[in-house]
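J.:
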Amino acid sequence: MPPKATLSGVHFMNGDEAIAEGAIAAGCRFFAAYPITPQSEISERLSWRLPRVGGTFIQMEDEIAAMAAVVGGAWAGVKSMTATSGPGFSLMMENLGLAIMTETPCVVANVQRGAPSTGLPTAVGQGDMMQARWGSHGHYEIIALVPSSPQEAFDLTVRAFALSERFRVPVLLMTDEVVGHMYERVEIPNDVPVAPRRRPTVPPGEFVPFKPGPDLVPPMACAGEGYRVHVTGLTHDERGYPDMSDETHDRLVRRLVEKILRYRSEITFYEEIGLQDAEVAVVSYGISARVAYRALALARQKGIRAGMLRLITAWPFPDERVRALADQVKGIVTVELNLGQMSREVERASQGRVPLSGVFHAGGRIHTPEEVLAGIEEVARAG
Amino acid sequence: MQVKAKPVPEIIPGAQHPMEKFLRTERIPHIWCAGCGLGTVLGNFLYALDELAWDPDSVAVVAGIGCTARIPGYVRLDTYHTTHGRAIPFATGLKLANPKLHVVVISGDGDLFAIGGNHLIHAARRNMDLTVICVNNFNYGMTGGQSGPTTPLDGKTTTTPFGNFEHSFNLVHLAASAGASYVARWTTLDGRRLQRGFMEALSHKGFTFVEVISPCPTNYGRRNKIGDGLDELRYYADHAAIRHGADPKETEFVPGKPFLVGKFVELDKPTYHEMYAAKVAEMTGGKK
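As given, the protein sequences belong to chains A and B, one line each in that order. According to the numbering used here, the stretch in the first sequence is residues 1 to 383, in order. According to the numbering used here, the stretch in the second sequence is residues 1 to 288, in order.
#1: Rounded to the nearest angstrom, what separates B:G144 and A:F31 at their Cα positions?
#2: Is there at least one Cβ from chain A nearer than 9 Å to B:F207's Cβ?
#3: Who are the Cβ neighbours of A:N338 in its own chain at under 6 Å, not counting the five residues just before and after it?
#4: Identify the residues that DSSP records as bridge partners of B:Q146: which are they?
#5: Specify, as a first and last residue, the run of the alpha helix (DSSP H) that B:H239 falls within.
#6: Taking the alpha-carbon of B:I71 as reference, which of B:E51, B:G85, B:D55 and B:S107 has the nearest alpha-carbon?
#7: When you compare the stretch 25–43 of chain A with the stretch 77–92 of chain A, are there three or more beta-carbon pairs, one atom per stretch, that lie closer than 8 Å?
#8: Which residues of chain B have a Cβ atom closer than 9 Å to the Cβ of A:F30, listed in chain order?
#9: Under 8 Å, CB to CB, which of the residues in the stretch 176–205 of chain A have a partner in chain B?
#10: Anything in chain B within Cβ reach of A:I80, meaning under 8 Å, just list it in chain order.
#11: If contact is defined by three or more beta carbon pairs under 8 Å, each pair taking one atom from either stretch, is the stretch 229–237 of chain A in contact with the stretch 77–91 of chain B?
#12: For the pair the stretch 24–43 of chain B and the stretch 213–232 of chain B, tell me if three or more CB-CB distances fall below 8 Å.
#13: Where do the ends of the beta strand (DSSP E) carrying B:D78 lie?
#14: Determine which residues of the stretch 110–135 of chain B have a Cβ less than 7 Å from any Cβ of chain A, and write them out in chain order.
#15: Can you tell me whether A:T157 is buried or exposed? The criterion is at least 16 other CB atoms within 10 Å of its CB, across all chains shown.
#16: Taking the beta strand (DSSP E) that A:A123 belongs to, which residues open and close that run?
#17: What residue ranges within the stretch 128–177 of chain A form continuous beta strand (DSSP E) runs of no fewer than 3 residues, ordered along the chain?
#18: Which two residues bound the contiguous alpha helix (DSSP H) that contains A:Y227?
#19: With DSSP run on the structure shown, which of helix, strand or coil describes B:Y182?
#20: Could you give the distance in angstroms between the alpha-carbon of A:A160 and the alpha-carbon of A:G88?
#21: Considering only the beta carbon of each residue, do A:F167 and A:V229 sit closer than 9 Å?
#22: With a threshold of 16 other CB atoms inside 10 Å of the CB of A:E387, please say whether the residue is buried or exposed.
#23: Contact defined as beta carbons within less than 8 Å: I believe B:R243 pairs with B:A178. What is the distance between those atoms, to the nearest angstrom?
#24: In chain A, what lies closer than 8 Å to B:L101 by C-beta?
#25: Of all the CB atoms in chain A, is at least one closer than 9 Å to the CB of B:P310?
#26: Against chain A, does B:S58 count as a neighbour if the rule is that its beta carbon must be under 9 Å from one of theirs?
#27: The beta strand (DSSP E) that contains A:G27, what's its start and end?
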């Protein structure tokens with residue numbers, strides 16, 4: 001009997017390793033990547049784990065190739081993934097767009113570091129959040145998850161694969177260098193459900209490859225299954241054939257957007273901490289939320305009722321929850337390791353109903369709880 | 001002066017292309033210009049597949065972007081029209097995730113050797129089990145006839161209006177140097193040899209490469225006074241010489257001079273898959 005693939009049990013591992021184990025538990029059996037700090041532990045672990053569980057690891061010649069190979073792997077019927085950091089994420093944008101247009105389920109982990117450009121290769125950043133949303137060309141919707149701990153890195157990797165299969169869309173795992181490199185307890189369950197691929201229910205000949213089901217997602221026929229599907233990054237009709245008409249283009253792009261937005265309540269997760277009686281709300285995610293958590297306690301000690309909306313899904317953004325929060329609190333403080341990216345979403349969603357502030361740092365280190373506290377106090381005073 | 005158009009030959013009712021079973025006939029007519037060599041490449045590729053008699057569902061055809069990259073769209077198999085230059089890494093993923101597939105890449109010289117050059121040399125180095133068919137028309141046809149890495153010296157294109165002054169790649173030499181286990185070159189004049197070459201490349205294990213020199217009368221031919229598609233085929237007849245086993249270094253294509261076609265490399269060496277499987281077996285003590 002082959003060894004059990006999932007490493008069930010309690011482990012002491014870092015966020016990168018947890019992502020690798022999450023991938024294996026979720027059924028990922030093809031991983032292609034190019035070396036880049038600080039995701040090395042993901043690739044390195046999968047290079048020795050995957051061959052033992054019947055999977056394939058390949059180190060490609062660059063991140064463009066890695067992303068292309070992942071899209072190819074998915075079309076061969078295998079759950080596929082890559083991991084990178086900012087510079088490589090930029091190179092992946094082209095084929096991320098291909099994956100969106102061809103409705104290819106796959107997962108991309110970005111262990112964010114200080115940027116722009118080569119920036120701070122070994123130090124933390126959260127500056128790729130808007131690139132995750134809009135980095136490839138054209139109008140689209142995408143799903144991005146933001147883990148705050150190694151345990152959540154594992155859990156969200158599993159969830160990323162499930163969401164990618166359900167919606168036939170690439171799912172981004174937007175972690176950061178500190179979560180990637182911090183070691184904590186990670187509990188891997190005995191049974192991790194492997195999300196099924198949405199298969200055709202009719203034989204070849206009757207199958208229309210890009211004809212959506214009632215939930216706007218078409219079933220997927222992969223290479224070698226007898227369906228003889230044509231897949232193109234060009235605008236295509238329901239048969240998958242290129243069609244250069246504006247009607248087909250508008251219909252296709254609207255469906256690709258709508259298939260995500262219609263189900264955002266099932267995609268957009270967040271954690272509410274002390275929001276029930278809060279007068280000041282913090283919005284944060286990833287490692288920054290861990291620091292902000294401490295600042296909430298410091299604020300409460302000073303008599304400020306602070307709470308936090310911790311994003312678990314960054315994209316689609318929880319517009320409605322933030323809008324409701326704006327009607328409840330005296331001010332919202334966004335805490336992130338960039339100079340204001342998700343804060344723009346807070347601003348958009350809160351529609352001017354409440355004073356806003358941000359505790360920003362360009363990256364290289366995490367915030368101190370005192371810096372976050374100062375931001376909370378400032379908003380509390382202004383309110 | 002009024003020019004009288006030549007009569008268009010009538011389509012014979014009920015007549016079928018002999019390879020119709022492999023064609024997405026609902027997509028015909030194709031987009032290619034009169035005199036283009038791509039129909040010849042497509043036809044001979046299908047004849048090769050037919051003669052190999054593989055299970056059609058075991059064959060996947062992958063392309064990048066360009067005129068040649070439209071070939072898979074007319075083939076009734078699992079076909080993938082990917083991004084510019086990325087057909088080879090996409091095909092690599094497809095092949096690695098399902099090694100039972102026969103994966104063929106068909107794309108142009110600009111797609112495979114300019115924007116996709118890095119992927120080509122690395123797939124060749126790995127001896128990845130792929131067949132790459134590169135149709136070389138010496139320019140970017142789809143975008144209107146710009147210069148590319150194969151444009152000969154002094155070649156006129158829309159971006160080299162005074163004549164090209166960049167040195168060009170010899171695709172045969174490059175593929176061979178990078179580690180391809182099978183390298184051949186033919187022209188679209190050599191129908192039968194083209195078919196034979198495709199069959200050999202498809203059957204040979206590892207990274208196999210066939211360059212097909214092909215006319216682009218609308219763009220390259222017209223600007224360089226080669227004439228129409230037929231004139232370019234005459235040029236091939238007058239200048240191409242078959243020399244199997246020639247040193248790839250000696251296969252340079254220089255306009256106005258004789259050039260070599262044939263099978264230049266045929267090596268038996270372990271593929272990426274064989275190397276990977278051997279390593280896994282070694283690691284797990286022979287147990288799978």
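By construction, the Cβ of each residue, glycine as well, lies at the ideal position given by its N, Cα and C atoms. Here the structure is a predicted model, which is why all the values come from computation and not from measurement.
T.: Considering the structure as presented:
#1: 38 Å
#2: no
#3: Excluding residues within five positions, the ones whose Cβ falls inside 6 Å are Q126 and G127.
#4: B:Y140
#5: G229 to H239
#6: B:S107
#7: yes
#8: G93, L96 and A97
#9: none
#10: Note that residue 80 of chain A corresponds to Ser in the displayed sequence, not to Ile. Those are G93 and A97, listed as they occur along chain B.
#11: yes
#12: yes
#13: D78 to H81
#14: From the stretch 110–135 of chain B, only N118, H119 and H122 have a Cβ closer than 7 Å to chain A.
#15: buried
#16: L120 to V124
#17: 143–145 and 170–176
#18: First-last for A:Y227: undefined, no H or E at that position.
#19: strand
#20: 20 Å
#21: Contact: no.
#22: Summary: the structure shown does not reach residue 387 of chain A, with chain A confined to residues 1 through 383, and so no result is reported for it.
#23: With a Cβ gap of about 21 Å, B:R243 and B:A178 do not count as contacting.
#24: A76, A223 and G224
#25: There is simply no residue 310 of chain B to check, as chain B begins at 1 and stops at 288 in what is shown.
#26: yes
#27: Segment: none, A:G27 is in no beta strand (DSSP E) and carries neither H nor E.
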